[in-house]
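A.B. asks: Sharing a structure here in structure tokens format.
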Amino acid sequence: MELKGKVAVVTGVSKGIGLATVKALLEKGAIVAGWGRNAPELQHAHFHFFECDVRYSESVQNAFDQTIARLATHVQVLVNNAGLGIAGYLENMSLDDWHLMFETNVNGIFYSTRLVLPGMKELGEGHIINISSIAGTTGVEQMAGYCGTKHAVRGISHSLYKEVRDYGVKVTCLYPGSVQTNFFDNIESVQVTENMMRPEDIASTILHALESHPNYHHVDIEVRPLMPKGKRTK
0 MELKGKVAVV TGVSKGIGLA TVKALLEKGA IVAGWGRNAP ELQHAHFHFF
50 ECDVRYSESV QNAFDQTIAR LATHVQVLVN NAGLGIAGYL ENMSLDDWHL
100 MFETNVNGIF YSTRLVLPGM KELGEGHIIN ISSIAGTTGV EQMAGYCGTK
150 HAVRGISHSL YKEVRDYGVK VTCLYPGSVQ TNFFDNIESV QVTENMMRPE
200 DIASTILHAL ESHPNYHHVD IEVRPLMPKG KRTK
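Going by numbering that gives the first Met the number 0, 188 is the number at position 189 of the sequence shown; the sequence numbering is gapless.
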């Protein structure tokens, strides 16, 4: 897809992967609608922020309606990035924390995707990027809830691409390993280090998938830091 002039929606844009993706899209000439609870520190003529909490369908609908009203065109790219993880043993996990993860990581994808698909199908072109995690391909101790949500993202992505591929719409699921973001702020067992991937690295992979030939489809992309514990000296 040629990104110049295309309209892209990115969720969870206040920082991290979302903000890096917004900046990368803007550099390519895209018009970007950022949906999030908090606005990023970013000023650009082609960036438009709309307050949105993806946990709530009414909030997503409102952000979508405002996006279409302001930009007066269909959405051609959707990056479902908003998400969070809470650590803890399953038996000790609070109902509120469990629901928060599923409402954000899973329901948010449903609420956002269902609104942009009709326009993409009408255009005969579109690309949805869903950010899962390597936790969506395996199990991680004390992360059962988070892993459950990211496995769901994988299942949604695999089913959806088969539903929309014949309309010229792509669905790509991305599985990052550890990234230098605020994701780990509330996970005491993990410390953010320079050996993790950068948000800009993930954004570059998203652009690579978006800019591919119309008949070339990245279904799954797994990315990890090459040296998560640093380079060996001997």
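Glycine is no exception: its CB is placed at the ideal position from the N, C-alpha and C atoms.
Is the CB-CB distance between Leu206 and Ala71 below 7 Å?
C.D. replies: Taking 7 Å as the Cβ cut-off, Leu206 and Ala71 do not qualify as a contacting pair.
A.B. asks: Is Lys22 helix, strand or coil by DSSP?
C.D. replies: If DSSP states are grouped into helix, strand and coil, Lys22 belongs with the helices.
A.B. asks: Reducing DSSP to helix, strand and coil, say where Tyr55 ends up.
C.D. replies: Note: Tyr55 maps to coil in three-state DSSP.
A.B. asks: For Asp219 and Arg113, I'd like the C-alpha separation in whole angstroms.
C.D. replies: So the two alpha carbons sit approximately 21 Å from each other.
A.B. asks: Can you say whether Glu193 is buried or exposed, counting buried as having 16 or more other CB atoms within 10 angstroms of its CB?
C.D. replies: Glu193 should be labelled exposed.
A.B. asks: Whole angstroms is fine: what's the gap from Val74's alpha carbon to Ile67's?
C.D. replies: Taking the straight line from one Cα to the other gives about 8 Å.
A.B. asks: Which of the three DSSP states is assigned to Gly15 in this structure?
C.D. replies: Of the three classes helix, strand and coil, the one that applies to Gly15 here is helix, per DSSP.
A.B. asks: If you check the beta carbons only, do Gly107 and Val53 fall under 7 Å apart?
C.D. replies: In contact: Gly107 and Val53 (Cβ atoms closer than 7 Å).
A.B. asks: Reducing DSSP to helix, strand and coil, say where Thr148 ends up.
C.D. replies: Helix at Thr148.
A.B. asks: When the Cα of Leu83 is compared with those of Gly118, Lys27, Met142 and Gly138, which residue comes out closest?
C.D. replies: Residue Met142 is the option with its Cα nearest to Leu83.
A.B. asks: Might you give, ordered along the chain, the residues of its own chain that have their beta carbon closer than 6 Å to the beta carbon of Met196, omitting 5 neighbours on each side?
C.D. replies: Same-chain partners within the cutoff: Val178 and Pro224.
A.B. asks: Counting C-beta neighbours from all protein chains within 10 Å, is the total for Tyr174 16 or more, i.e. buried, or is it exposed?
C.D. replies: When all chains shown are included, Tyr174 counts as buried.
A.B. asks: Please report the straight-line C-alpha distance between Gln65 and Pro39, rounded to a whole angstrom.
C.D. replies: C-alpha separation (whole angstroms): 18 Å.
A.B. asks: I need the boundaries of the beta strand (DSSP E) containing Leu77, first residue and last residue.
C.D. replies: Val76 to Asn79 is the extent of the beta strand (DSSP E) around Leu77.
A.B. asks: Please classify Asn37: is it buried, with 16 or more other beta-carbons within 10 angstroms of its beta-carbon, or exposed?
C.D. replies: That one is exposed.
A.B. asks: Would you kindly check if the distance between the Cβ of Lys149 and the Cβ of His216 is under 7 Å?
C.D. replies: Not a contact, by the Cβ cut-off of 7 Å.
A.B. asks: How long is the line joining the alpha carbons of Thr232 and Met226, rounded to whole angstroms?
C.D. replies: Going from the Cα of Thr232 to the Cα of Met226 covers about 12 Å.
A.B. asks: Pick helix, strand or coil for Glu47, following the three-state DSSP scheme.
C.D. replies: Here residue 47 is His; the residue named in the question, Glu, does not match the sequence. It is a strand residue.
A.B. asks: With a threshold of 7 Å between beta carbons, is Phe109 in contact with chain D?
C.D. replies: Of the chains in the structure shown, none is chain D; there is only one protein chain.
A.B. asks: Using the C-alpha atoms, what's the distance from Val76 back to Ser43?
C.D. replies: Position check: residue 43 holds His in this sequence, whereas Ser was assumed. Between His43 and Val76, the C-alpha separation is close to 18 Å.
A.B. asks: With DSSP run on the structure shown, which of helix, strand or coil describes Leu206?
C.D. replies: Note: Leu206 maps to helix in three-state DSSP.
A.B. asks: CA-CA distance, Arg164 and Phe48?
C.D. replies: Cα to Cα, Arg164 sits roughly 29 Å from Phe48.
A.B. asks: Which first and last residues belong to the beta strand (DSSP E) in which Asp219 is found?
C.D. replies: Here the beta strand (DSSP E) through Asp219 covers Asp219 to Val222.
A.B. asks: Taking DSSP as the reference, what is the three-state secondary structure of Met100?
C.D. replies: If DSSP states are grouped into helix, strand and coil, Met100 belongs with the helices.
A.B. asks: Under 8 Å by Cβ, that's how I've got Ala81 and Thr10 pegged, so tell me the actual separation to the nearest angstrom.
C.D. replies: That belief holds up - the Cβ atoms of Ala81 and Thr10 are roughly 4 Å apart, short of 8 Å.
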